[in-house]
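Written below as structure tokens is the structure these notes are about.
There are 2 protein chains.
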Amino acid sequence: MIAQERPGEDGLIARFFAPIAGKGALGLKDDAACLAPKPGHDLVLTADALVERVHFLPEDAPGSIARKALGVNVSDLAAKGAEPAGFLLSLALPDDWTEAWLAGFAAGLGEASRDFGCPLLGGDTVKARGPLTLSVTAVGQVPSGRMVRRTTAQAGDLVCVTGTIGDAALGLRLRAGPAWAEALSPGERAHLADRYLHPQPRHRLAAALRDHASAAMDVSDGLAGDLAKMMRASGLSALVDADRVPLSPAGRTAVGSSPELLDLALTGGDDYEILCTVPEKKLDSLRKEADRVGITLSVIGRVVEGHDRPVFRMNGLERRYDVGSYQHF
Amino acid sequence: MIAQERPGEDGLIARFFAPIAGKGALGLKDDAACLAPKPGHDLVLTADALVERVHFLPEDAPGSIARKALGVNVSDLAAKGAEPAGFLLSLALPDDWTEAWLAGFAAGLGEASRDFGCPLLGGDTVKARGPLTLSVTAVGQVPSGRMVRRTTAQAGDLVCVTGTIGDAALGLRLRAGPAWAEALSPGERAHLADRYLHPQPRHRLAAALRDHASAAMDVSDGLAGDLAKMMRASGLSALVDADRVPLSPAGRTAVGSSPELLDLALTGGDDYEILCTVPEKKLDSLRKEADRVGITLSVIGRVVEGHDRPVFRMNGLERRYDVGSYQHF
Numbered sequence: 004m005i006a007q008e009r010p011g012e013d014g015l016i017a018r019f020f021a022p023i024a025g026k027g028a029l030g031l032k033d034d035a036a037c038l039a040p041k042p043g044h045d046l047v048l049t050a051d052a053l054v055e056r057v058h059f060l061p062e063d064a065p066g067s068i069a070r071k072a073l074g075v076n077v078s079d080l081a082a083k084g085a086e087p088a089g090f091l092l093s094l095a096l097p098d099d100w101t102e103a104w105l106a107g108f109a110a111g112l113g114e115a116s117r118d119f120g121c122p123l124l125g126g127d128t129v130k131a132r133g134p135l136t137l138s139v140t141a142v143g144q145v146p147s148g149r150m151v152r153r154t155t156a157q158a159g160d161l162v163c164v165t166g167t168i169g170d171a172a173l174g175l176r177l178r179a180g181p182a183w184a185e186a187l188s189p190g191e192r193a194h195l196a197d198r199y200l201h202p203q204p205r206h207r208l209a210a211a212l213r214d215h216a217s218a219a220m221d222v223s224d225g226l227a228g229d230l231a232k233m234m235r236a237s238g239l240s241a242l243v244d245a246d247r248v249p250l251s252p253a254g255r256t257a258v259g260s261s262p263e264l265l266d267l268a269l270t271g272g273d274d275y276e277i278l279c280t281v282p283e284k285k286l287d288s289l290r291k292e293a294d295r296v297g298i299t300l301s302v303i304g305r306v307v308e309g310h311d312r313p314v315f316r317m318n319g320l321e322r323r324y325d326v327g328s329y330q331h332f
Numbered sequence: 004m005i006a007q008e009r010p011g012e013d014g015l016i017a018r019f020f021a022p023i024a025g026k027g028a029l030g031l032k033d034d035a036a037c038l039a040p041k042p043g044h045d046l047v048l049t050a051d052a053l054v055e056r057v058h059f060l061p062e063d064a065p066g067s068i069a070r071k072a073l074g075v076n077v078s079d080l081a082a083k084g085a086e087p088a089g090f091l092l093s094l095a096l097p098d099d100w101t102e103a104w105l106a107g108f109a110a111g112l113g114e115a116s117r118d119f120g121c122p123l124l125g126g127d128t129v130k131a132r133g134p135l136t137l138s139v140t141a142v143g144q145v146p147s148g149r150m151v152r153r154t155t156a157q158a159g160d161l162v163c164v165t166g167t168i169g170d171a172a173l174g175l176r177l178r179a180g181p182a183w184a185e186a187l188s189p190g191e192r193a194h195l196a197d198r199y200l201h202p203q204p205r206h207r208l209a210a211a212l213r214d215h216a217s218a219a220m221d222v223s224d225g226l227a228g229d230l231a232k233m234m235r236a237s238g239l240s241a242l243v244d245a246d247r248v249p250l251s252p253a254g255r256t257a258v259g260s261s262p263e264l265l266d267l268a269l270t271g272g273d274d275y276e277i278l279c280t281v282p283e284k285k286l287d288s289l290r291k292e293a294d295r296v297g298i299t300l301s302v303i304g305r306v307v308e309g310h311d312r313p314v315f316r317m318n319g320l321e322r323r324y325d326v327g328s329y330q331h332f
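Structure below.
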């Protein structure tokens, strides 16, 4: 029986995870990890769970699933202005796991861990009794009192977003083989598919956010819904110019061929870009910092007084998204 | 439809989890928690996942499941000499969750959190697509460089264990209605059942372990297997007097009526007691500290040179357990 030749939990950890573990993990041979925090810093802690068919698809490459599980957590740290210090992984594996799958998963996790500067510190591996379920807890550090909050936007601030919006939602939709896919070049299709599979956390912008942003969060559940959350948390509203929401060339082609896809781009999830509010006088300096680390930053609107959902202006119309946030739950 | 009247993720967090959250959780309204570490301390980080039918049973009370999920993690911190600082919870809920279930879960979690001095800091709630699956990441603190390791036992040290061993494994077995249950009083049966459901992490012993133990871990996968792990990690072996392994009155009754249950007691999991090695000259002082916090401590053997599995002496025989550790995985 192949199943019985697979390593047990200790063997699995030693073989697949110990080689990618950081120093504080103590070789994954103890009950817990040990981390010496930087003096004068606060810890920033975040956890995100991913479930097969909810957050990724069973046919996704194991290395991609691993990269996404870590990436979405590092994205949360980045939005809080925190530098990654490490992560713990809880992995509930279904009965039919194979060594090849796990080797691919560990390789992708190790590569992502190096790319994001976020070492593996520990975790747990258990039987799933259902589909693959993962939970990552990421630990970051910020100078004391400097975590960038979600609740502290100020009326008059500019609303900014990194990178491009809507690619991941379009990339996921693309898998169903929609008619609009015909309008895209193979390269454009590949771009959108990749953006769903491989979030690019903006951790290199963390320090600049601390110095410039009045509030920030990452866009994980859709731009419209996440902006509404941030404004509600700050007791404010926002006015967004939909034309200024940055789309990738592939996103523009898709929306150009099927204009109703703009709604999907603005409300679909999985962007993992940074949404932040910035006092106007700090914009140039933030832009310079973003340029320096190769991240594009777009101004898409302004924070205004009020308690209504943010308004998106497009083609002379004003629109509020009622359900602007993808509900994973 | 009842299902549609249930709150969404944000409503669920606000209603059930925000009331039991600690200060660093920021009301569970931000992307991440913020924790100011004690100056001069290291962080100790541990994660344990629990899956229905693997680590608990579907008929267990939701408050008990919550207490166990937190308790097993606090037990890891305690074994490392760490004081709890807080925890994050990833909860993958099956489709048929009810508000009553979740209210019971949150109440049990809040109570355990207060009992263990370990506040809720954050987490994530997602759809399970399978049975209930939880993962807790607990964060503790120790004075810098003082985490108690698993790898540092010394030949000649005494092997000690807190509380009583085997109760939880017997309590779980009891649910199948075995013949030996007849030998137990209702109170004894209730004691064993409760020990499976409600681990009692020995967090009040954390400071004393730092000052006295040369090595420690918690007994989660069975005494024989966990002792073998600790000795292997330390490059040593151990000689245990099985008669000195502490059994509860209920455990003694069970083993008295069915002597083969001693093997179950020594190898079954879920004890969540502390296994530690202690230099002989520090024993009296550790015992005094344990007495002070109401935890019993038993000497069960001695660390010896060698690389074989620990020997258990019983009835004039010597026994090594080949598979002494319950495999959750």
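Keeping their order, the protein sequence lines are chains A and B.
The numbering of the first sequence is the working numbering, which starts it at 4 and goes up by one.
The numbering of the second sequence is the working numbering, which starts it at 4 and goes up by one.
Every residue, glycine too, gets a C-beta built ideally from N, C-alpha and C.
Counting only the same chain and skipping the five closest in sequence on each side, list residues whose C-beta sits under 6 Å from that of residue i.
i, result
"residue 36 of chain A", "27, 28, 124, 125"
"residue 155 of chain A", "217, 218"
"residue 174 of chain B", "195, 196, 198, 199"
"residue 264 of chain A", "257, 258"
"residue 113 of chain B", "23"
"residue 120 of chain A", "87"
"residue 236 of chain A", "153, 154"
Roughly how many angstroms lie between the CA atoms of residue i and residue j, to the nearest whole one?
i, j, result
"residue 70 of chain A", "residue 16 of chain B", "27 Å"
"residue 189 of chain B", "residue 181 of chain B", "14 Å"
"residue 195 of chain B", "residue 38 of chain A", "37 Å"
"residue 254 of chain B", "residue 203 of chain B", "17 Å"
"residue 72 of chain B", "residue 25 of chain B", "17 Å"
"residue 244 of chain A", "residue 78 of chain A", "25 Å"
"residue 205 of chain B", "residue 231 of chain A", "45 Å"
"residue 51 of chain A", "residue 31 of chain B", "14 Å"
"residue 187 of chain B", "residue 34 of chain B", "51 Å"
"residue 54 of chain B", "residue 132 of chain A", "7 Å"
"residue 137 of chain A", "residue 273 of chain B", "23 Å"
Please list, in chain order, the chain B residues whose beta carbon lies closer than 7 Å to that of residue i.
i, result
"residue 132 of chain A", "54, 55, 56, 57, 133, 134"
"residue 260 of chain A", "None at all; the shortest Cβ gap to chain B is about 33 Å."
"residue 91 of chain A", "48, 50, 140"
"residue 150 of chain A", "37"
"residue 95 of chain A", "52, 54, 136"
List, in order along the chain, the chain B residues whose C-beta lies closer than 8 Å to that of residue i?
i, result
"residue 234 of chain A", "Correct list: empty, because the minimum Cβ distance to chain B is about 13 Å."
"residue 80 of chain A", "35"
Against residue i, what residues of chain A qualify as contacts under a CB-to-CB distance less than 8 Å, listed in chain order?
i, result
"residue 221 of chain B", "34"
"residue 124 of chain B", "48"
My output table needs one value for residue i: the three-state DSSP class, helix, strand or coil.
i, result
"residue 143 of chain B", "strand"
"residue 310 of chain B", "coil"
"residue 232 of chain A", "helix"
"residue 320 of chain A", "strand"
"residue 166 of chain B", "coil"
"residue 302 of chain B", "strand"
"residue 49 of chain B", "strand"
"residue 286 of chain A", "helix"
"residue 136 of chain A", "strand"
"residue 87 of chain A", "strand"
"residue 226 of chain B", "helix"
"residue 33 of chain A", "coil"
"residue 6 of chain A", "Confidence in residue 6 of chain A is poor, its pLDDT being 39 and thus under 50, which makes the residue's placement unreliable; the coordinate value appears in the next sentence. If DSSP states are grouped into helix, strand and coil, residue 6 of chain A belongs with the helices."
"residue 57 of chain A", "coil"
"residue 194 of chain B", "helix"
Going along the chain, which residues of its own chain have a beta-carbon closer than 7 Å to the beta-carbon of residue i, five neighbours each way excluded?
i, result
"residue 176 of chain B", "267"
"residue 216 of chain A", "151, 279, 280, 281"
"residue 363 of chain A", "Coverage of chain A is limited to positions 4 through 332, which leaves residue 363 of chain A absent and any answer about it impossible."
"residue 110 of chain A", "66"
"residue 288 of chain B", "215"
Which same chain residues, not among the five before or five after residue i, have their C-beta less than 8 Å away from its C-beta?
i, result
"residue 3 of chain A", "The question about residue 3 of chain A has no answer here: the residues shown for chain A are numbered 4 through 332."
"residue 192 of chain A", "177, 184, 253"
Can you determine whether any heavy atom of the ligand PLP sits closer than 7 Å to the C-beta of residue i, and answer yes or no?
i, result
"residue 11 of chain B", "With respect to the ligand PLP, the structure offers nothing, as it holds no ligand at all."
So residue i and residue j are supposed to be a Cβ contact under 8 Å. How far apart are they, rounded?
i, j, result
"residue 48 of chain A", "residue 139 of chain B", "Actually they are not in contact, since the Cβ atoms of residue 48 of chain A and residue 139 of chain B sit about 12 Å apart, beyond 8 Å."
"residue 223 of chain A", "residue 93 of chain B", "The Cβ separation is near 15 Å, so there is no contact."
Closer than 7 Å by beta-carbon distance: list the chain A residues that pair up with residue i, in chain order.
i, result
"residue 40 of chain B", "40, 46"
"residue 64 of chain B", "Those do not exist, as residue 64 of chain B stays about 20 Å from chain A at its closest Cβ, beyond 7 Å."
"residue 147 of chain B", "39"
"residue 156 of chain B", "Those do not exist, as residue 156 of chain B stays about 13 Å from chain A at its closest Cβ, beyond 7 Å."
Please tell me whether residue i has its Cβ less than 8 Å away from any Cβ of chain C.
i, result
"residue 37 of chain A", "Checking the listed chains, one finds no chain C in this structure; the protein chains it contains are A and B."
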